[in-house]
Amino acid sequence: MNSTKNKYQNIVFILFFSLLNCVGIILSHKLNLPLWLDSIGTMLGVYFYGVYAGILCIFVNITSLCFLDSFNVVSPLISAFLIYGTSFFKNKHRFDVNSIMLFSAFVIFFSFIISLCINFIDSQQLNDNLWSNSIIAFCRDNGIQLIGLPLAAFYLEFLDKLVSVFLFFISVRFIFSRTTWFKNFNKVEVMGRSRSSLKIALILFAGFIGLLNYPSDVEASVFKVFARESQPQTDFLSFSVQQTVFNQKNGLLSGNVTSIATTSDGYIWIGTYAGLLKYDGNSFHRDHGFEIIRNIKCLYADGDRLWVGTTDQGVFLVEGGRVVNQLSEKDGLLSDYVTGIAVDNNNLIYITTPSGINILNAESGSYKISQACKDGNFTSLSYGSGYIFAIDLNGIVHCFKNGEEALKIKPSEHTYFTYALYAEDGYLYLSDTSNTVSRYAYDGKEFSKTASFSNGKMKGIKSMFFSSLGENIKTVFISSDSGIFFIEDSEINRIETENFNGSIEQGIRDFQGNLWFASSRFGLIRFYISPVVMVPALKNHVVNCITKWRGNYIVGTDEGIKAFVSDFSEPVDFELSKYLDGVRVRDVYVDSAGYLWVCTHGRGVFRIKDDIELFTEENGLASNKTRSVLEVSDSRIMISGSSGISFFDSKQGIIDLGDILKKKLTVLCSSKGPNDDIYLGTNGNGIYVLRDYALNRIINKKNGLNSDTILKLYPLKNKKGVIAVTGNGLCYIDDEYQVKELKNFPYFNNYDIVDLGNDNVAVTGSNGVFIVELQDLINDSNDYSTEHLDGSYGFTEPLTSNSRNFKDGKSLFLCSNSGLFVLDTQNYHHKAKGFKLNIESIKVDGVELDLRGTDKIEIPRASKKLSISPNILNFTPENPYVGVCLEGVDESYTFKKQKDLSEINYTNLAPGNYVFNMALFDSKRELTSDILRFPFSKAYAFYDSKLFIIYFVLVSCLIIAYFTFFIVKLWMQKIIDEKQHLLELAEQQIKMGDETIMTIAQALDARDPRTKSHSVRVADYSVMIARKLGFNEKQCSNLRKIALLHDIGKIGIPDRILNKPSRLTDEEYSIMKSHVTIGADILKNFKSIDNLADGIKYHHERYDGKGYALGLKGEEIPIIGRIISVADAFDAMSANRVYRNGLDLDRIIYELKRGIGTQFDPKCAEIMLELISSGALNKYIKES
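So in UniProt numbering the end of the sequence shown lands on 1184, straight run, no missing numbers.
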């Protein structure tokens, strides 16, 4: 009966030990523990049931690892070693702490060696564990990868085996001490007892294996990013339209553009026979993966998705800048030749081909192809107002709705419809082969024609679209073989372009309001709104001056003088134009009397009102080469030229005022200044100042000018000074003629200063125009801002120096070497015209990330360098300021012009969350757009966590403590042995010392029979008092020895005095008192007892200072002396002497109280009185 019971008990324990490993392995994997927990059961099984139990545990380990899809050979190999190690330990060592520590060191070392060797070949085991993998990653990320694998293997094996051995030790102790199951363990032959149990256990284990399954779930996490955009209001007004042609000469990879589209992210897509191109405002490029797309026929933008139809590859779907799908005849498409693509309001995708129409329906991210019209050769496709308009080769318009054909529109006889546009104005526009565009209205049942438009120059209409350019034009634009046309009122007009007038395939409007047209012959053309326009009538003319006279503009050029109506639409018949044909006109000026003055180079100066007057050298003019005119008073005009100045008086004509300038000078400009002075700017001689028609002073480089060549003079309205535009910058001259160079102005090669109103001026120069506040210009501080209008604003040609520019209302006319520019002074600012801000790419250590789909990305913890390529989608020539800032890294924005914007690099970012900010700013660094916030994070590795740091530090400390244990144990054992020897020797010496002191005390008592046992009693009394005072045992022991020797000095007192029965004489008493100093001298070299001299030398001192030998008082007397003094006096009074009996107790108490504060220390005396009253001294009183 008991045998059967033991057998089942053994089976239970064997299975329990086996499953203990199984549970440990599962817990380790599921909880990501820094332990394997696969060896506790093995050691217990081997210890109690032998090797076969351990082998069973190995099979359990293998099965468990396979169940977790984490099998490795390290675990079974280490388990096999543990079988041997546990058996060896059981047979050779006692089961105590020292033995188990030795066993654990043995297990740790060999487990580490095995793990390291296997993982060097295949590191799956360590990589699968979170903690060891983190150690490897930490070492790799910090450039010490060589030690990563050994360190991870050691940390994991050390902690696992240390914990396993500890649990093994605790379990065995528990089983032996708390149970009776193994009480006869040592008396039974384990192997013989357990073999049958092992057979049963193996059968049960095999059944358990049959129940296992092997689930394997794989999770994928893809980090994506999206590009955001700022969407400020597009609110601008301008009067000019510029155009730019793109072809192979300026970046377009192919001039044969068949289609063009723009997606909601702002990019412009260009379809060519050479493939698909993307334009971001800076360059045309073919993205990676687009190489497979060829021979593009049509493009269709559906939000941020782009459908691409080809002539022989079917349809491609581009999304997020990547080709994500392709459909061809193999997928059910009727033909690989695609003529049109459109999407209706039900998200049904229509595809027209020469073989019919396919309809695509998106289901679960894929597209299902169905056939709407299998028969029919369709050439055109468009969408509007819920209808899909498909035109077949016969010119019939098929109108589809909800996937079904709803109605048809047939063309008139002898014509075919070619394109259908349902416009925003609510009409359907149909073009036909007669080059006519017909407008149709829809009454809910059918479309009826309401109007027709045509133009004899318009041939071969390809497509139409309804759009606007600025606020001036909102109509239907028509692309044709003969150019670009638009409907205006009841007519079709042509847009004049330069050499871009054929094979126009399609037009679009981008998000900034610019119009784009594609030509299969000439490339692309862009029409855009600009605050600067070149007057067409004056293009390629060198313009020197302009003014307005009698409602017309008068313009002086190198070829003569011209007059135009107020909008420059046509010239005005001007009699002087014929006379000055081919003559260089330098200045035109209108005086307060309404006269027009015209300065010429070689023909003198003309005055025109009702008649034409000419002034030359013959009638008193200083030179026929005149440069400028200035009205100096109501009646006088000053004329400047290459030989000085002349004055014209309205009553006298040219008058002679003498040689005012003292010499002949070329005067380039003139101006009125403070104090009614006249300032003359010369060519190389500085500034001449006239007052009352006489030379007042000369201002030149000696006075602070940066150049003596003066191109223009700008008088301040408040008459507080003049700003001189010199050949080397700007200078301010105040009303006291003090010169200040304006060094902080950002440019030096300037031409003119023009007042714009609102305290702003325009400073013209060789690189455009700077707009600046006048007071900022004069103050010349280090941080004032300017707005630079360069070529990106439309100043495509250099301005003319030493010219007369003219401001008329909001228009500023600026003379140039190739025409006349007009600047809108109210709308020149950057207004972030719907600029789209995004992140073009992100590279981590040189590898580009896939930026698609989500609002946040995470870069790896190990990454060193992050490169961000910001992008501004801008299809205008403007060049705004871009500010970038990385929160947490940059303290403020960094500003760059868009054209200077490049890749931004950050190195060694700490783990955490970041936000990359980007926005547009004006020249004053004021925000002009929404801020693009691009969040991303750098991954926290597990080794960054506090938990890992705690684990690493604790295990490191544990390793140090563990291995220190063995070193310290050996060293400490040696020290303990030495200390034990010294302790025994010291105890022997202490014992000898105590015996010596007791012997001396007894010798003293024997020498003086009257004081028998006096020293012992005094020692006891002293210890009692000391304990009350708080002395510890060591101090009390020390005090006892001192008290025993307190009268050792009596050795030096003669017997005749020491044993004299009668009263001592004064001389004898003096000798007797010397026993304290004699005792101190005797024991002065006795160092083993602390404060020995305090009790010997001072126990006869009195608290009031009248004692001996030194006469100390109060607390000057060492506490030991004060204690022995009380104890000595008490014993002297209470003990019987040969010559007298002890005093009565009342008398003793009386004497003690009387001596408090005089003879005795009050505390010590009070304690003695307490001891007396408590009866603690009764036995001593009786003995004495």
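Every residue gets a Cβ at the ideal spot worked out from N, C-alpha and C, and that includes glycine. Just so it is clear, the structure is predicted and the values come from calculations on it, not from any experiment.
By Cβ distance below 6 angstroms, which residues in the same chain neighbour L430 in space, the five residues on each side in sequence not counted? To locate residue 430, count along the sequence shown from 1; it is residue 430. Excluding residues within five positions, the ones whose Cβ falls inside 6 angstroms are F417, A420 and S438.
Segment contact flag, the region 697-708 with the region 728-739, C-beta cutoff 8 angstroms, min 3 pairs: yes
Relative to the ligand NAD, is the shortest distance from any of its heavy atoms to the C-beta of F316 smaller than 7 angstroms? The ligand NAD is not part of the structure shown, which contains no ligands of any sort.
When V605, Q652 and L82 are compared against V629, the one with the closest alpha-carbon: Residue 629 sits at position 629 when you count from the first residue of the sequence shown. Cα-wise, what sits closest to V629 is V605.
What's the gap between the Cα of D566 and the Cα of G551? Along the sequence shown, one-based indexing puts residue 566 at 566. Along the sequence shown, one-based indexing puts residue 551 at 551. Contrary to the premise, residue 566 reads as Ser rather than Asp in this sequence. If you take the alpha carbons of S566 and G551, they lie about 7 angstroms apart.
Work out the CA separation of I561 and L820 for me, nearest whole Å. On the sequence shown, residue 820 is found 820 positions in, with the first residue counted as 1. On the sequence shown, residue 561 is found 561 positions in, with the first residue counted as 1. One C-alpha to the other measures close to 13 angstroms.
Residue interval of the beta strand (DSSP E) (run including W516): For this step, residue 516 is matched to residue 516 along the sequence shown. That run of the beta strand (DSSP E) goes L515 to S519.
What's the call for Y383, buried or exposed, on a 16-neighbour Cβ count within 10 Å? In the sequence shown, residue 383 corresponds to position 383, counting from 1. By the 10 Å Cβ count, Y383 comes out buried.
Per DSSP, which one or two residues make a beta bridge with V598? Along the sequence shown, one-based indexing puts residue 598 at 598. V588 and F606, per the DSSP bridge assignment.
When the distance is taken between beta carbons, is L873 closer than 8 angstroms to Y267? Here residue 267 corresponds to residue number 267 of the sequence shown, with the count starting at 1. Here residue 873 corresponds to residue number 873 of the sequence shown, with the count starting at 1. In this structure, L873 lies closer than 8 angstroms to Y267 by Cβ.
Around the C-beta of Y674, are 16 or more other C-beta atoms found within 10 angstroms, so that it is buried, or is it exposed? If you number the sequence shown from 1, residue 674 lands on position 674. First, the amino acid is wrong: residue 674 is Pro here, not Tyr. The residue in question, P674, is buried, as its Cβ has 16 or more Cβ neighbours within 10 Å.
Please report the Cβ distance between V60 and C22, rounded to the nearest whole angstrom; I am assuming they are in contact, meaning their Cβ atoms lie under 8 angstroms. The residue you call residue 60 lines up with position 60 of the sequence shown. The residue you call residue 22 lines up with position 22 of the sequence shown. Right, their Cβ atoms sit about 5 angstroms apart.
Note down, one range per segment and in chain order, each alpha helix (DSSP H) of at least 4 residues found wholly within the region 91-168. 97-121, 124-128 and 130-141
Beta-carbon proximity list for T907, same chain, < 7 angstroms, skipping 5 on both sides: Taking the sequence shown and counting its residues from 1, one reaches residue 907 at position 907. Excluding residues within five positions, the ones whose Cβ falls inside 7 angstroms are K864 and K865.
Can you check which of these residues, A919, K946 and D944, is closest to R933 by C-alpha distance? Walking along the sequence shown from the start, residue 933 turns up at place 933. Among A919, K946 and D944, the Cα nearest to that of R933 belongs to A919.
Looking only at its chain, what residues have a beta carbon closer than 7 angstroms to the beta carbon of F813, apart from the 5 residues adjacent to it on each side? For the purposes of this step, residue 813 is taken as residue 813 along the sequence shown, with counting starting at 1. These residues qualify, in order along the chain: I546, N805, F806, L820 and V822.
Extent of the continuous beta strand (DSSP E) run through S431: Position 431 of the sequence shown, counting from 1, holds the residue named residue 431. First-last of the beta strand (DSSP E) with S431: L428 to D432.
Report yes if the CB atom of Y553 is closer than 8 angstroms to the CB atom of A563, and no otherwise. In the sequence shown, the residue the question calls residue 553 occupies position 553. In the sequence shown, the residue the question calls residue 563 occupies position 563. Yes, Cβ-Cβ distance for Y553 and A563 is below 8 angstroms.
Taking the alpha-carbon of Y828 as reference, which of I859, D336 and D922 has the nearest alpha-carbon? Residue numbering aside, residue 828 sits at position 828 when the sequence shown is read from its first letter. Among I859, D336 and D922, the Cα nearest to that of Y828 is on D922.
Given that a residue counts as buried once 16 or more other Cβ atoms are within 10 Å of its Cβ, and exposed if not, what is L524? Numbered from 1 along the sequence shown, position 524 holds the residue referred to as residue 524. It counts as buried.
For F138, count neighbouring C-beta atoms within 10 Å of its own C-beta (all shown protein chains included) and say buried if the count is 16 or more, exposed if not. Taking the first residue of the sequence shown as position 1, residue 138 is located at position 138. That one is buried.
Buried versus exposed call for F358 [16 or more other C-beta atoms within 10 Å across all chains shown]: As a first step, residue 358 must be located in the sequence shown, where it is residue number 358. The sequence shown places Asn at residue 358, rather than the Phe named in the question. By the 10 Å Cβ count, N358 comes out buried.
Which stretch, first to last residue, makes up the alpha helix (DSSP H) that contains S1174? On the sequence shown, position 1174 is the one that residue 1174 refers to. Counting along the chain, the alpha helix (DSSP H) containing S1174 begins and ends at P1162 to S1174.
Do you know offhand how far D776's Cα is from Y784's? Position 776 of the sequence shown, counted from the start, is the residue given in the question as residue 776. Position 784 of the sequence shown, counted from the start, is the residue given in the question as residue 784. Cα to Cα, the separation comes out at about 6 angstroms.
CA-CA distance, E446 and K410? By 1-based counting over the sequence shown, the position of residue 446 is 446. By 1-based counting over the sequence shown, the position of residue 410 is 410. Rounded to whole angstroms, E446 to K410 spans 12 angstroms at the Cα level.
CB contact flag (G386, N345, <8 angstroms): In the sequence shown, counting from the first residue as 1, residue 386 sits at position 386. In the sequence shown, counting from the first residue as 1, residue 345 sits at position 345. Taking 8 angstroms as the Cβ cut-off, G386 and N345 qualify as a contacting pair.
Quick one: what's got a C-beta closer than 6 angstroms to G684's C-beta in the same chain, skipping five residues either side? Residue numbering aside, residue 684 sits at position 684 when the sequence shown is read from its first letter. Only D708 and T709 meet the Cβ criterion.
Rounded C-alpha distance that separates I1096 from R1102: Translated into positions along the sequence shown, residue 1096 becomes position 1096. Translated into positions along the sequence shown, residue 1102 becomes position 1102. Roughly 14 angstroms between the two C-alpha positions.
Beta-carbon separation (whole angstroms), G620 vs R586, contact threshold 8 angstroms: Counted from its first residue, the sequence shown places residue 620 at position 620. Counted from its first residue, the sequence shown places residue 586 at position 586. Not confirmed; about 19 angstroms, so no contact.
Just verifying my parser: in three-state terms, what is the DSSP assignment at Q313? Taking the sequence shown and counting its residues from 1, the one referred to as residue 313 is at position 313. Correct three-state label for Q313: coil.
Enumerate in chain order the residues of its own chain whose CB-to-CB distance from S892 is below 7 angstroms, with the five nearest sequence positions on each side excluded. Along the sequence shown, read from residue 1 onward, the residue named residue 892 stands at position 892. Hits under 7 angstroms: C885.
For a quick check, are the C-beta atoms of N749 and D780 less than 8 angstroms apart? Counted from its first residue, the sequence shown places residue 749 at position 749. Counted from its first residue, the sequence shown places residue 780 at position 780. No, they are not a contact pair.
Just how far apart, CA to CA, sit N1059 and K1050? Counted from its first residue, the sequence shown places residue 1059 at position 1059. Counted from its first residue, the sequence shown places residue 1050 at position 1050. So the two alpha carbons sit approximately 11 angstroms from each other.
Give me the Cβ distance between I904 and P860, rounded to the nearest whole Å; I'm assuming they're in contact under 8 angstroms. The sequence position of residue 904 within the sequence shown is 904, counting from 1. The sequence position of residue 860 within the sequence shown is 860, counting from 1. That belief does not hold up - the Cβ atoms of I904 and P860 are roughly 19 angstroms apart, past 8 angstroms.
Within 10 Å of its beta-carbon, does W131 have 16 or more other beta-carbons around it, so buried, or fewer, so exposed? Sequence index remark: in the sequence shown, residue 131 carries index 131 (1-based). W131 comes out buried.
Keeping to the same chain, check which residues put their C-beta closer than 6 angstroms to that of G507; ignore five residues upstream and five downstream. For this step, residue 507 is matched to residue 507 along the sequence shown. Excluding positions up to five away in sequence, the list reads F465, F477, S479 and F517.
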